[in-house]
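Report on one structure; see the data block that follows.
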Amino acid sequence: MIWVLPESPELLRPVLSKLQHVILDNLPEGCDLAWTMFILEAAPSLKELCITVWDHWCVMARDEEFRKRNGYCEKADVEWKPHALDFKHKNLVKLTIYGFQPNDIFVRFIRCVMKHAVNMAEISLHDRKVCLRCGDLDPKMKCPSRYPRNADERMQIIEELGMSLPAMVRFLS
């Protein structure tokens, strides 16, 4: 696992310019996702962004001393402000989110991606992943999934996203 610090697109573009697929795994639940947008700004060839959001309890480093020794930080939101407010990403065509929940964090993030990724063709939204060993959530934060299960709930999410083409959103539980 690595911690990523959003950087200026000018610094990262030479390194990420040919990157086409990004998978961000085990992003903490409850934290804003907007910081991941710096990748879109810095990777103009990116075609697919896949994000998994969950507090996977059996792989989390929980020992406080170990966390301090190894440079782990507390769960915190990373702020992102776009380098160019009107930047357009022309190659991103697919966004996949595992751990989608119908709340402001996800809705705001998807709207932001859609605003900048002008050729988006597919958004796949999956429920939380399940780990049979650990129950997959931090016990302090256990809450049932609110993933949209029926057509009415799904249509409500599509409306909240402001989607003119509901066919581009796929709900996969």
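Oh and the sequence shown: position 68 is 294 in our numbering, straight run, nothing missing.
Think of the CB as a built atom: it goes at the ideal place given N, C-alpha and C, for glycine as much as any other residue.
Everything numeric in this text was worked out from a predicted model, so none of it was measured.
Remark: C-beta atoms of T278 and D251 approach each other more closely than 7 Å. Under a 10 Å Cβ-count criterion, V339 is classified as buried, with 16 or more other Cβ atoms of the shown protein chains found around its own Cβ.
In this structure, I331 lies away from D281, with their beta-carbon atoms at least 7 Å apart. Between Q327 and S371 the beta-carbon gap is near 7 Å, inside 8 Å, which marks them as a contact. Scanning R396, P235, C357 and E348 for the CA closest to the CA of P374 turns up R396. Ranked by Cα distance from W261, the first of E291, R239, E233 and A347 is E233. Secondary structure in the region 315-393: the alpha helix (DSSP H) runs of 4 residues or longer, each lying completely within the stretch, are 330-342 and 377-387 in chain order. In summary, E385 is exposed, with fewer than 16 beta-carbon neighbours lying within 10 Å of its beta-carbon over all protein chains present.
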